[in-house]
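Have a look at the structure below, then the notes.
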Amino acid sequence: MTMVPGRRSSTFTRLLRHGFTDPSAAERLLDLPDFSSVRSDSVLLDALGATADPDLALRGLVRLVEAEEAGERQILLDTLVTAKPLRDRLLGVLGASEALGDHLARHPRDWQALVTYEAADLHPGVAEFEGELAGADDPDALRVGYRRCLLSIAARDVCGTTDVAETAAELADLATATLRAALRIASAAAPEDAAQCRLAVIAMGKCGGHELNYVSDVDVIFVAEPADGAEESKAMQAATRLASHLMRICSDTTVEGTIWPVDANLRPEGRNGPLVRTLSSHLAYYQRWAKTWEFQALLKARPVAGDRALGQEYVDAVSPLVWQAADRENFVPDVQKMRRRVVDTIPADRVDRELKLGPGGLRDVEFAVQLLQLVHGRSDPALRSGSTLEALGALAEGGYVGRVDAVQLDDAYRFLRAMEHRIQLYRLRRTHLVPDEEPDLRRLGRSLGLRTDPIAELNQAWRRHASVVRRLHEKLFYRPLLDAVAQLAPGESRLSTKAATARLVALGYEDPAAALRHLEALSSGVSRKAAIQRTLLPVLLGWFADSADPDAGLLGFRKVSDALGKTPWYLRLLRDEGAAAENLARVLSAGRLAPDLLLRAPEAVALLGDPHGLVPRSREHLEQEVLAAVGRADDAETAVAVVRGVRRRELFRTTAADLIGSYGTEDSPAESDPGALVDRVGSAVTDLNAVTIAGALRAAVRAEWGDTLPTRFAVIGMGRFGGHELGYGSDADVLFVHEPREGVDEQEAGRAANRVVSEMRRLLQLPTADPPLVIDPDLRPEGKNGPLVRTLKSYGAYYRRWSLGWESQALLRAEPMAGDMDLGAQFVELIDPLRYPKDGLGDDAVREIRRLKARMESERLPRGADPTLHTKLGRGGLSDVEWTVQLMQMQHGRSVPGLRTTRTRAALAAACAAGLIPEDDAQTLDEAWVLATRVRNAVMLVRGRPGDTFPSVPRELTAVGRYLGYEEGHVGDMLDDYRRVTRRARGVVEERFYGG
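Heads up: the sequence shown at position 176 corresponds to 215 in our numbering, and the numbers run straight through without jumps.
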């Protein structure tokens, strides 16, 4: 073909117009001698242009023609031009599948399998595929025959003769025929084994459900019985050999490639169990040991090969167990565990391209449908289908899911499965990843009929369908629950009360009748409020069910909604601010403390929708607000009521941030550093209590003395308060110090200081709706028998003459918190020589500290408490770590500035940096201290009252586990981990504190 230099040929232009991306290469291929008769044929070019990838189709056609014998080439091309069915099928396959093009190049005569166009050819079943494979008497012949059948399935698929569900069913039928052929070959190779046993092959997974992919593991279970007169043990050995050979025939890779892996890991005990069992052995396992996911897998069990009667007997025997799974004791935690997404197991760079496991992927649809089948299939046999789409249709027909939701989900699932099919068809590789290269995306889009702008249209359609799945897969569970308590149009299907109750129980609700009453109260009626609630509740119910206490979450939501329902911003906040509704659901269902704080002032829910609403406010900001409020109040009680209201609001902010940071949300993962969570809580609660005390002090002074107290007065934080390590249930340990103002009598100043202390304590514990703040001054000199308030001079005299070692140790945590900060600094200057002795500690002092600690361990641990689980006084708990750190502070604080801190973790880090403790030991102590602190915080959050041990009530214990990051059903792991961490810490304490 000659052409003027610099000008493109008309063929080049035509090829470009027909969708070729490399027209020059295509033109060269068409110039080959074999194509002289068809190179200008518009029918051929139009057909190539209609394929998913015209360049790939032409290359595949050239390879096929070249592979044909010389005399057959023109016959192929003539048939191709004159027979539209062949042209569409063959070129459609070549343009969609490089792997099938390779097959045709190796076996060129197989193109003739696409010529026939009879009615039976349009929708073949197992019998037709068995006929195609009947001549295969060795594994390679079976591989070739399998690919030939696959070629015809792919041809019908890409031409639109079959839809995605029909294609998947044909692939499953072909797998059935292939398994039968493989068993026939294995039996022929070992006739004596075949004579000894009856072996049945049960298809599971997508093959069992009649919805197989182009490339997928074929999940099976093998069941066998001895043939008449055969010994059972020998029969099972024979069946195992046959099953193993069958698996190798299908799975091995030879010059003809592979068929697919046969996966028998869904059998009892998985890969650790015997490959083949008798029926009675299967039943014994399922009745005693099986987990819920195994019954979920059995939903799709279908006998496909071998002894048909035995296979049917197996399915008939296990089917009742499947539909009784929802009655099992562990069904709820298993369901909740299964419902949690596995996205976090996908590499970060693949999450957005995962069709199966990613958000809005195929797994979401399949799991949702299977769970509803398990819950409702026991009472409705119409739901007992292995096919996802058939089951979805039956669920809609029975009113178990909304009809519109089911239609949208059906459309989305079909589109996603079609994408999966086309992606796998290209190279016949098992993958669920959407490609990221433009040529692959273009081919994929065109194969789905998107021709104007294939890549943009594909991405748009994919994201739209994934969004539908994300939105509906939760709604699918919960929307019908609202319909069950709502007024529906005549003739519409609805869940019965019994079915709604069963679904709520399956999702973790212990009082389904109360839950239905709450749903009715929230969503009934025609008001705008009820309409918004009906939009919100399906999603909220899912989040509640994902918690340890769904009932409490729903009840709390009803109470908050009753309190704020008439407030215009409340429902708008939950509807329009994406994070607010999920944050509220997490907070309401995680325990008692946060909901109690919220329900005392429900308007604090606004914090959950503010992007910065959960960030703790600084002490300076809070103090400014509190002191301004005190200045505006008419009396001390009113002033402190406002101060305590601020404390309650900020406690809610802190608990909500802690819970959301610990649980994580759909858009932000849980905090990965538990130490950071502990530090944030400790600092926030410490600042809050310091500001509250400052407000109460200002109110008490103002009520009796106006702006100036006759004596300078300071509050010194002690213990966890001074260490900035307060938990939610901690008292505020304090010392009070005063110094008479110039010209004021010392006795008068002392009386004023004592009255201020008494008034502060009274005001902070007045019975109100807000949580009290208990001020504990028992660490003062002489303890409960000593004066509440002392002057600096009095403290100095006492410490010089009477102070004991434990008092110097307690002063390690002393830090000014409120009042006259200059006076507080003078107090710190006074005590520094006591807590950081110039020459460290002598041997006698160290022995006394060790003796006191040992006595405390033996005397103060509550009777009956488990020493391995007591967070404060138990083995490797808070006391162990803190005394070890404090001993180093007293020994080396004078020479190591970093040790002069009131904070345990900071002091431990400084000791490690100074070489006083090995890094591994320091990390062990830090891990134990953080874990014990988190357990104490969790107990308070869950129970609403402080505690130093794990709860005994199972639901509360589970809630503590969820806060600590353990999934449902892993409470035992949590306790084991706690014992392990603290046991290691105790080993360090024995060496570093006791010197042993």
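Note that the Cβ used here is the ideal one computed from N, Cα and C, for glycine as well.
Given the structure is predicted, the values throughout are model-derived calculations rather than measurements.
By the 10 Å Cβ neighbour count, where 16 or more other Cβ atoms means buried, how is residue i classified, buried or exposed?
i, result
"residue 911", "buried"
"residue 1040", "In the structure displayed, the chain extends from 40 to 1035; residue 1040 sits before or after that span and is not available."
"residue 491", "exposed"
"residue 1033", "exposed"
"residue 1022", "exposed"
"residue 651", "exposed"
"residue 720", "buried"
"residue 529", "Unreliable placement is indicated for residue 529, whose pLDDT of 49 sits below 50; the coordinate value is still reported in the next sentence. The residue in question, residue 529, is exposed, as its Cβ has fewer than 16 Cβ neighbours within 10 Å."
"residue 114", "exposed"
"residue 796", "buried"
I'd like to check one pair, residue j with residue i: are the Cβ atoms closer than 8 Å?
i, j, result
"residue 859", "residue 752", "yes"
"residue 623", "residue 580", "no"
"residue 854", "residue 755", "yes"
"residue 972", "residue 724", "no"
"residue 809", "residue 683", "yes"
"residue 1010", "residue 1000", "yes"
"residue 805", "residue 814", "no"
"residue 440", "residue 434", "yes"
"residue 92", "residue 485", "yes"
"residue 545", "residue 343", "no"
"residue 658", "residue 729", "yes"
"residue 361", "residue 299", "no"
"residue 449", "residue 422", "no"
"residue 982", "residue 990", "yes"
Using only the alpha-carbon positions, how far apart do residue i and residue j sit?
i, j, result
"residue 77", "residue 69", "8 Å"
"residue 381", "residue 630", "Because the pLDDT at residue 381 is just 49, under 50, the model does not fix this residue reliably, and the value given afterwards should be weighed accordingly. Between residue 381 and residue 630, the C-alpha separation is close to 25 Å."
"residue 210", "residue 186", "11 Å"
"residue 641", "residue 603", "7 Å"
"residue 79", "residue 197", "25 Å"
"residue 947", "residue 816", "27 Å"
"residue 482", "residue 51", "20 Å"
"residue 583", "residue 540", "16 Å"
"residue 625", "residue 463", "40 Å"
"residue 889", "residue 1029", "11 Å"
"residue 527", "residue 562", "With a pLDDT of 47 at residue 527, under the threshold of 50, the modelled position of that residue is not reliable, and the figure given next carries that caveat. About 13 Å."
"residue 613", "residue 1024", "45 Å"
"residue 628", "residue 293", "56 Å"
"residue 1016", "residue 1002", "15 Å"
"residue 951", "residue 1014", "29 Å"
So what's residue i in DSSP terms, helix, strand or just coil?
i, result
"residue 528", "In this prediction, residue 528 scores a pLDDT of 49, lower than 50, which makes its location untrustworthy; the coordinate-derived value is nonetheless stated afterwards. Residue 528: coil per DSSP, three-state reduction."
"residue 344", "strand"
"residue 752", "strand"
"residue 735", "helix"
"residue 236", "strand"
"residue 144", "helix"
"residue 380", "Low per-residue confidence applies at residue 380: pLDDT is 47, beneath 50, and the placement is therefore not dependable enough to give any value."
"residue 260", "strand"
"residue 604", "coil"
"residue 243", "coil"
"residue 360", "helix"
"residue 775", "strand"
"residue 876", "coil"
"residue 204", "helix"
"residue 814", "strand"
"residue 301", "strand"
When you compare each of the options to residue i by their alpha carbons, which one comes out closest?
i, options, result
"residue 632", "155, 256, 995 and 265", "995"
"residue 53", "71, 72 and 88", "88"
"residue 699", "621, 634, 655 and 676", "621"
"residue 925", "938, 106, 609 and 1015", "938"
"residue 288", "512, 982 and 214", "214"
"residue 578", "886, 564, 563 and 596", "596"
"residue 965", "126, 1008, 921 and 982", "921"
"residue 708", "478, 600 and 1004", "1004"
"residue 225", "102, 1018, 757 and 285", "285"
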